[in-house]
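These notes are about the structure you will find just below.
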Amino acid sequence: MSTQHDAEIDALLGRYFDGLYHSDSSVLRTVFHTDLSYVNGTDGTYETMGLEDYMARIDARTPPASRNDPREEVVERIALKGDRIGIVEARMTMLGRNYQDLLTLINTDEGWRVLTKVFSFVERKD
């Protein structure tokens with residue numbers, strides 16, 4: 004079932020994947036809420052950080068796009084609860100890893116934003 008928010012959330016996720024692939028913090032700042040909570044739940048590498056620390060990491064990263072790394076993204080599920088909150092389950096391949104993301108969304112005065120990014124990854128075997 005389509006909602007009035009579909010196009011905006013699709014655009015948000017497009018910016019999310021593009022911003023990560025190009026390591027573009029200016030794009031990602033249009034995706035993430037200023038109160039972002041970033042959580043790496045990968046076994047053995049658990050860590051948390053806020054928006055500014057995460058953007059500094061993005062800025063220091065060599066963009067996967069500059070190496071023509073293979074890129075694959077799949078949005079597995081989007082579930083909204085009313086007009087204000089939702090969750091996205093997605094997966095992507097980048098930096099030699101397969102990532103699983105859980106993104107919570109909040110609809111703000113500036114539009115939909117990712118409030119929490121909880122993810123894990125496994126190294127690719129190919």
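First residue of the sequence shown? That's 4 in the numbering used here, and the numbers climb one at a time after it. Glycine included, C-beta positions come from ideal geometry on N, C-alpha and C.
When you compare the CB positions of residue i and residue j, do they come within less than 9 angstroms of one another, or not?
i, j, result
"residue 24", "residue 106", "no"
"residue 91", "residue 31", "no"
"residue 27", "residue 21", "yes"
"residue 83", "residue 6", "yes"
Please decide whether residue i counts as near chain B, where near means a Cβ-Cβ distance under 9 angstroms.
i, result
"residue 56", "This model lacks chain B altogether; it includes just one protein chain."
So if DSSP puts residue i in a beta bridge, which residue, or which two residues, is it bridged to?
i, result
"residue 111", "114"
"residue 93", "78, 104"
"residue 88", "84, 109"
"residue 119", "40, 107"
Which stretch, first to last residue, makes up the alpha helix (DSSP H) that contains residue i?
i, result
"residue 130", "The requested residue 130 does not occur in the structure, where the chain is confined to residues 4 to 129."
"residue 30", "28-31"
"residue 9", "9-24"
Given that a residue counts as buried once 16 or more other Cβ atoms are within 10 Å of its Cβ, and exposed if not, what is residue i?
i, result
"residue 29", "exposed"
"residue 53", "exposed"
"residue 4", "At residue 4, the pLDDT of 46 sits below 50, so the modelled position is not reliable; the number obtained from the coordinates is stated separately. So residue 4 counts as exposed."
"residue 46", "exposed"
Nearer than 8 angstroms: is that true of the beta carbon of residue i relative to any heavy atom of the ligand NAD?
i, result
"residue 86", "The ligand NAD is absent from the structure shown, which contains no ligands of any kind."
Identify the continuous beta strand (DSSP E) that holds residue i and give its terminal residues.
i, result
"residue 42", "35-43"
- [ ] Evaluate the contact criterion for the stretch 113-125 versus the stretch 93-105: three or more CB pairs, one atom per stretch, below 8 angstroms.
- [x] yes
Task: Segment contact flag, the stretch 103-118 with the stretch 29-37, C-beta cutoff 8 angstroms, min 3 pairs - done: yes
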